[in-house]
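Report on the following structure.
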Amino acid sequence: MTQFIFVMAAVFSVLLWRMYQHHHRMVMQARSDLLSQSSKVINIKKSVADRAGFQHLLGDYDGTSVGLKLEVDNLTARKLPVMWLHITMLRPVESKGSLDILVRPHTSDVFSPGWNWNKPVTPLKGWPHHARYVSRDRTPSLESIDSDVKTIFADQMAKELLITPETVRLTYLIRQAERGQYLLLRSAEFDMQPIDSAEIAALTRQLQKLLANLDGVRCDEAA
1 MTQFIFVMAA VFSVLLWRMY QHHHRMVMQA RSDLLSQSSK VINIKKSVAD RAGFQHLLGD
61 YDGTSVGLKL EVDNLTARKL PVMWLHITML RPVESKGSLD ILVRPHTSDV FSPGWNWNKP
121 VTPLKGWPHH ARYVSRDRTP SLESIDSDVK TIFADQMAKE LLITPETVRL TYLIRQAERG
181 QYLLLRSAEF DMQPIDSAEI AALTRQLQKL LANLDGVRCD EAA
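Those letters in the sequence shown? Residues 1 to 223, per our numbering, in order.
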């Protein structure tokens, strides 16, 4: 009888392990597929998966070098976990100026380098309230990107616009965890359907427009 119990325990252990492995593979594949639709609008040149299974993509959008990256924030207590989409574009060589616009700033926004920048910037009229405006050194021309900033942050899902001499980056709230699942089980479950290519295209196009206005170049010269 004792031997039978040990055998059954071993069998159940193996079954549970295989079920876990199957579930893990499904989760990793779903994470990998989240940005799969971006290939419809971006010429993907490189794709690298992080340890969590999310893809980091590098490619070309209408003549501009662009990077896409997903980041999950589930470390803040009493806050619904969120998934950020970072869209990054290269600026022309020898570009100048830095600016960080972070709306509704929170110490959990660890992706923002602006916490270490100490030069306050006065925003233009009509720019978002409840935002932090800082620069690391020289501030770029605010007037040149005035309309772009207003357009970007008219969308309440836009979280941060970061400008450095090397890149511009938009951080956007692309998904929120399912509230019921999180409140009941404290489990961060997201909608894992691939992100719509039209949404990626719209955000990328707007950032490209800002880049062109910022540096005074045509889009195909900013790559």
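By construction, the Cβ of each residue, glycine as well, lies at the ideal position given by its N, Cα and C atoms. The structure presented is a predicted model; accordingly, all values stated were derived computationally and were not measured.
{"Check": "Own chain residues within Cβ distance below 7 angstroms of serine 32, not counting five before or after", "Outcome": "Ala49, Gly53, Gln55"}
{"Check": "Within the region 77-108, ranges of the beta strand (DSSP E) (whole runs, at least 3 residues)", "Outcome": "82-90, 99-103"}
{"Check": "Proline 128 burial status per 10 Å Cβ neighbour count (16 or more: buried)", "Outcome": "buried"}
{"Check": "Collapsed DSSP secondary structure at lysine 150 in the structure displayed", "Outcome": "helix"}
{"Check": "Span separating the alpha-carbon of alanine 212 from that of methionine 89", "Outcome": "11 angstroms"}
{"Check": "Close-in-space but distant-in-sequence residues of the same chain around leucine 178 (CB under 6 angstroms, 5 per side omitted)", "Outcome": "The question names leucine, but residue 178 in the sequence shown is glutamate. Correct list, in chain order: Glu189."}
{"Check": "Which residues DSSP lists as bridging glutamine 176, in chain order", "Outcome": "Val82"}
{"Check": "Arginine 138, buried or exposed, once every other Cβ within 10 Å from all chains shown has been counted against 16", "Outcome": "exposed"}
{"Check": "Nearest-angstrom Cα separation, counted from isoleucine 152 out to arginine 205", "Outcome": "11 angstroms"}
{"Check": "Which of helix, strand or coil DSSP assigns to isoleucine 200", "Outcome": "helix"}
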